[in-house]
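Asker: Each residue of the sequence shown is one higher than the one before, starting from 38 at the first, in our numbering.
Note that beta-carbon positions come from the ideal geometry of N, C-alpha and C, so glycine has one too.
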Amino acid sequence: MTEKGLADTLEVIIGAYYTNNGYNKTKNMVDCLWKNRLKNISNIKPDSKTLLQEWSQSKKLGLPIYSIIKKTGPDHDPSFTVRVEVKKNNFKMGLGKTVQDAEQDAAEQFLKKIRKVDEKKTSSDY
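#1: Which of the three DSSP states, helix, strand or coil, is assigned to GLY52?
#2: Per DSSP, which residues does TYR60 bridge with? Please list them.
#3: PRO101: buried (16+ other C-beta within 10 angstroms of its C-beta) or exposed?
#4: Using the three-state DSSP reduction, which class does MET38 fall into: helix, strand or coil?
#5: Just checking, does the region 64-78 make contact with the region 114-131 on the three C-beta pairs under 8 Å criterion?
#6: So what does GLU122 bridge to, in DSSP terms?
#7: By the three-class DSSP mapping on this structure, what secondary structure does LYS97 have?
#8: Check LYS134 in the structure and name its three-state DSSP category.
#9: Report yes if the C-beta distance between MET130 and ILE105 is below 8 Å; otherwise report no.
#10: Could you tell me if GLN141 is buried or exposed, where buried requires 16 or more neighbouring beta carbons within 10 angstroms of its beta carbon?
As structure tokens, then:
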């Protein structure tokens with residue numbers, strides 16, 4: 038089963054428990070089962086797509102737009118090329134075996150571009 042499938046299944050189980058037992062009992066159950074694990078959730082690094090979205094929104098540039106540019110290879114082993122665009126003028130391409138992987142790669146390439154620009158601005162200030 039995929040990670041998404043497991044997450045969806047868990048959501049259904051917790052939802053059913055909530056429907057039958059109410060908020061307080063559900064909260065107690067979730068705390069009992071996952072409280073220690075949830076403490077460490079702040080240590081999880083956001084993925085590239087999340088970081089790019091946060092950056093673009095902080096600059097009031099709107100959401101990044103992802104477009105599939107090309108699919109190559111056989112159906113059982115495809116490769117995707119995806120373009121991510123922020124505010125129509127700035128874009129980067131990404132590659133991956135899935136659309137999601139290609140989007141992550143495109144976001145990572147965009148973030149690298151941003152970091153280089155920021156480094157140049159910082160070094161020219163001195």
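Answerer: Here's the rundown:
#1: Residue mapping note: residue 52 aligns to position 15 of the sequence shown, counting from 1. Of the three classes helix, strand and coil, the one that applies to GLY52 here is helix, per DSSP.
#2: As a position in the sequence shown, residue 60 is number 23, starting the count at 1. None, per the DSSP bridge assignment.
#3: The count along the sequence shown starts at 1 and reaches residue 101 at position 64. With 16 or more Cβ atoms within 10 Å of its Cβ, PRO101 is classed as buried.
#4: Mapped onto the sequence shown, residue 38 falls at position 1. Coil, per DSSP.
#5: no
#6: The residue labelled residue 122 in the question sits at position 85 within the sequence shown. Partner(s): ILE102 and PHE128.
#7: The count along the sequence shown starts at 1 and reaches residue 97 at position 60. Of the three classes helix, strand and coil, the one that applies to LYS97 here is coil, per DSSP.
#8: Residue numbering aside, residue 134 sits at position 97 when the sequence shown is read from its first letter. It is coil, neither helix nor strand.
#9: Locating residue 130 in the sequence shown gives position 93, where the first residue counts as 1. Locating residue 105 in the sequence shown gives position 68, where the first residue counts as 1. Result no, Cβ atoms of MET130 and ILE105 do not sit closer than 8 Å.
#10: By 1-based counting over the sequence shown, the position of residue 141 is 104. Looking at its Cβ environment, which holds 16 or more other Cβ atoms inside 10 Å, GLN141 is buried.
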